[in-house]
Amino acid sequence: MAEFDPLEYYSFSDKQRDTSITKQSYGPIRLIHQASATKLTECKVVPSEDKTPIIDILDLPTISSKPPYEVLTTIFKLLALDVQTNFGPGVIESEILPVQKILNKKNVQKDQFSFSLSWLQNHHFGVGKSSETFAGLYYWSRVISKNSMINYLTNIVSSDLSYMDNEKQRNELMEQAAKLIGENSGRTARAGFVRTIIVPGFEKEEIKIKEPAMTGDNIGMKTWGSSLIMAEKIVNNAKELLKEPILELGSGTGLTGIICRKLGFKKVLSTDLPTIVPNLKANFVLNGLESDLSSCKVLDWSNFSGFRSENPNCMFSTIILSDPIYSDEHPTWICNVLKEFLVRDDPQSRVIIEIPLRSLFEKTRENFWILLEAMGLIETTVEENEGYDDFGEYKFLFKVYKWGKYTRD
Numbered sequence: 000m001a002e003f004d005p006l007e008y009y010s011f012s013d014k015q016r017d018t019s020i021t022k023q024s025y026g027p028i029r030l031i032h033q034a035s036a037t038k039l040t041e042c043k044v045v046p047s048e049d050k051t052p053i054i055d056i057l058d059l060p061t062i063s064s065k066p067p068y069e070v071l072t073t074i075f076k077l078l079a080l081d082v083q084t085n086f087g088p089g090v091i092e093s094e095i096l097p098v099q100k101i102l103n104k105k106n107v108q109k110d111q112f113s114f115s116l117s118w119l120q121n122h123h124f125g126v127g128k129s130s131e132t133f134a135g136l137y138y139w140s141r142v143i144s145k146n147s148m149i150n151y152l153t154n155i156v157s158s159d160l161s162y163m164d165n166e167k168q169r170n171e172l173m174e175q176a177a178k179l180i181g182e183n184s185g186r187t188a189r190a191g192f193v194r195t196i197i198v199p200g201f202e203k204e205e206i207k208i209k210e211p212a213m214t215g216d217n218i219g220m221k222t223w224g225s226s227l228i229m230a231e232k233i234v235n236n237a238k239e240l241l242k243e244p245i246l247e248l249g250s251g252t253g254l255t256g257i258i259c260r261k262l263g264f265k266k267v268l269s270t271d272l273p274t275i276v277p278n279l280k281a282n283f284v285l286n287g288l289e290s291d292l293s294s295c296k297v298l299d300w301s302n303f304s305g306f307r308s309e310n311p312n313c314m315f316s317t318i319i320l321s322d323p324i325y326s327d328e329h330p331t332w333i334c335n336v337l338k339e340f341l342v343r344d345d346p347q348s349r350v351i352i353e354i355p356l357r358s359l360f361e362k363t364r365e366n367f368w369i370l371l372e373a374m375g376l377i378e379t380t381v382e383e384n385e386g387y388d389d390f391g392e393y394k395f396l397f398k399v400y401k402w403g404k405y406t407r408d
């Protein structure tokens with residue numbers, strides 16, 4: 000079940016289409032906090048209770064006890080999210096890590112940890128019961144009530160830590176606390192970060208994706224679950240699905256286009272709106288594709304005359320779309336782009352689409368399928384997928400369209 004999704008504001012209830020579909024599961028898309036793993040496996044949220052110390056929010060130091068900088072920064076580091084990788088339910092290692100491994104992982108110095116533990120024990124806070132209990136904050140942060148965590152952190156921020164003399168340390172702690180509040184308030188409240196993507200079938204290389212904070216209507220700055228499923232399909236069926244030259248519409252953060260290039264495809268254009276393309280280019284640089292920046296271009300579906308004038312002879316054998324429908328205008332706009340840029344005299348030209356089944360866009364999706372068929376494209380592949388993005392679990396449809404009996408205009 001999906002949680003709040005900024006694109007789920009417009010929903011009707013989903014109906015089954017009268018078509019035979021192949022069901023494939025892509026969920027939960029596995030989440031590995033240390034992206035060094037080569038095999039993606041679903042793990043338990045926390046190790047068993049008999050091995051993990053039970054900690055309550057009341058076991059943490061109160062602001063009235065005036066915890067020193069070393070104590071608070073150690074707690075904040077242990078509570079912080081690990082590197083965000085893929086999507087799905089939070090998971091951690093299937094075995095309890097030794098204390099030192101946790102400290103190394105969270106960049107906590109041993110002497111700082113020892114000082115903090117001693118202070119907590121001297122002030123009789125439960126989290127200081129043992130080194131294992133204190134380091135266990137690393138696990139505990141994943142199961143504690145988000146509201147309890149936010150309330151605790153808000154009390155610290157509202158205090159302004161006025162008892163501390165060192166302004167630099169106060170400011171650092173305030174920034175750490177504010178970041179933790181954002182991490183525990185959901186994706187829409189979270190500050191910008193770099194997500195590590197491990198595409199099943201392409202585990203040899205991690206893809207780094209920069210995602211700015213979600214503000215206003217910049218939904219193209221986020222990696223949506225459909226793009227990860229599309230990337231996995233391309234990795235495992237590249238020869239069958241892709242034929243150059245390739246055009247990606249609504250590239251967003253660039254995951255699919257980056258994967259195409261990593262697989263050796265050279266004639267690929269990744270396109271999006273003017274506000275999105277700078278971050279798209281930044282992600283190409285982040286993944287060592289500086290030489291491909293010229294292939295990141297602006298293409299506005301509602302008015303593509305500028306793109307056409309800059310690329311007067313460009314036609315494409317494959318056009319890729321991931322999660323393209325979140326407005327009633329989109330089906331018409333997209334079909335206009337397809338008519339303009341999809342090679343017409345080749346029966347192997349294709350459009351590949353991965354789309355989430357958001358309930359309030361059912362009628363818009365149905366209109367999209369109707370318009371595709373009306374322009375002479377026929378559905379050659381349809382699969383139902385299950386997967387995740389930051390807002391929960393979804394069902395997706397994957398489709399491939401090719402020209403049927405096409406009459407030139």
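Numbering that gives the first Met the number 0 applies: residue 0 is where the sequence shown begins, and numbers increase by one. Note that beta-carbon positions come from the ideal geometry of N, C-alpha and C, so glycine has one too. The structure displayed is predicted, hence computed values, not measured ones.
(request) Give the DSSP-derived three-state secondary structure of I196 in the structure shown. (result) Residue state, collapsed to three classes: strand.
(request) Would you check if the distance between the CB atom of P199 and the CB atom of E239 is smaller than 7 Å? (result) Using a Cβ distance threshold of 7 Å, P199 and E239 do not count as a contacting pair.
(request) With distances taken Cα to Cα, identify the nearest neighbour of K100 among E385, L119, G135, G127. (result) Looking at the Cα atoms, G135 is the closest of the given residues.
(request) Whole angstroms is fine: what's the gap from S301's alpha carbon to S161's? (result) Taking the straight line joining both Cα atoms gives about 54 Å.
(message) Restricting to runs no shorter than 4 residues, where is the alpha helix (DSSP H) found entirely within the segment 130-164?
(response) For the segment 130-164, the full-length alpha helix (DSSP H) segments reaching 4 residues or more read 130-134, 136-139, 145-158 along the chain.
(message) Let me make sure I understand the geometry here. Which of I149, P244, D110 has the alpha-carbon closest to that of S130?
(response) Considering only alpha carbons, the answer is D110.
(message) Using CA atoms only, rank isn't needed, just tell me which of G263, G224, I275 is closest to K394.
(response) Closest option to K394, Cα to Cα, is G224.
(message) Quick check: Y151 and I56, are their CB atoms within less than 7 Å of each other?
(response) Contact annotation: Y151 and I56 have beta-carbon atoms nearer than 7 Å.
(request) Kindly indicate which three-state DSSP category I257 falls into: helix, strand or coil? (result) Assigned with DSSP and collapsed to three states, I257 falls in helix.
(request) Determine the direct distance from the alpha carbon of V156 to that of P350, and round the result to whole angstroms. (result) Looking at the sequence itself, residue 350 is Val, so the reference to Pro does not match. Approximately 51 Å, taken between the alpha carbons.
(request) Tell me Y400's beta-bridge partners as DSSP assigns them. (result) Its beta-bridge partners are V350, E378.
(request) Could you check if P348 is buried or exposed, using at least 16 other CB atoms within 10 Å of its CB as the buried criterion? (result) Going by the sequence as given, residue 348 is Ser instead of Pro. Label assigned to S348: buried.
(request) Report the three-state DSSP secondary structure of V276 (helix, strand or coil). (result) V276 sits in a helix when the DSSP states are folded into three classes.
(request) Please classify I333: is it buried, with 16 or more other beta-carbons within 10 angstroms of its beta-carbon, or exposed? (result) That one is buried.
(message) Between T317, I354, V193, L396, which has its C-alpha nearest L412's C-alpha?
(response) Summary: the structure shown does not reach residue 412, with the chain confined to residues 0 through 408, and so no result is reported for it.
(request) Quick one: using the 10 Å Cβ neighbour count with 16 as the cut-off for buried, is H329 buried or exposed? (result) Its Cβ being crowded by 16 or more others within 10 Å, H329 is buried.
(message) I need the straight-line Cα distance from L262 to K105, nearest angstrom please.
(response) Cα-Cα distance, rounded: 33 Å.
(message) Quick test of your reading: L246 and T270, contact by CB under 8 Å. State the CB separation rounded to the nearest angstrom.
(response) Their Cβ separation, rounded to whole angstroms, is 7 Å, which keeps L246 and T270 in contact under 8 Å.
(message) Taking only three categories from DSSP, how would you classify E473?
(response) With the chain covering 0 to 408 only, the question about residue 473 has no answer from this structure.
(request) Kindly list the residues whose CB is nearer than 6 Å to the CB of V107, restricted to its own chain and excluding five residues on each side of it in sequence; keep chain order. (result) Taking V107 as the centre and dropping the five residues before and after it, the same chain places the C-beta of T73, K76 closer than 6 Å to its C-beta, in chain order.
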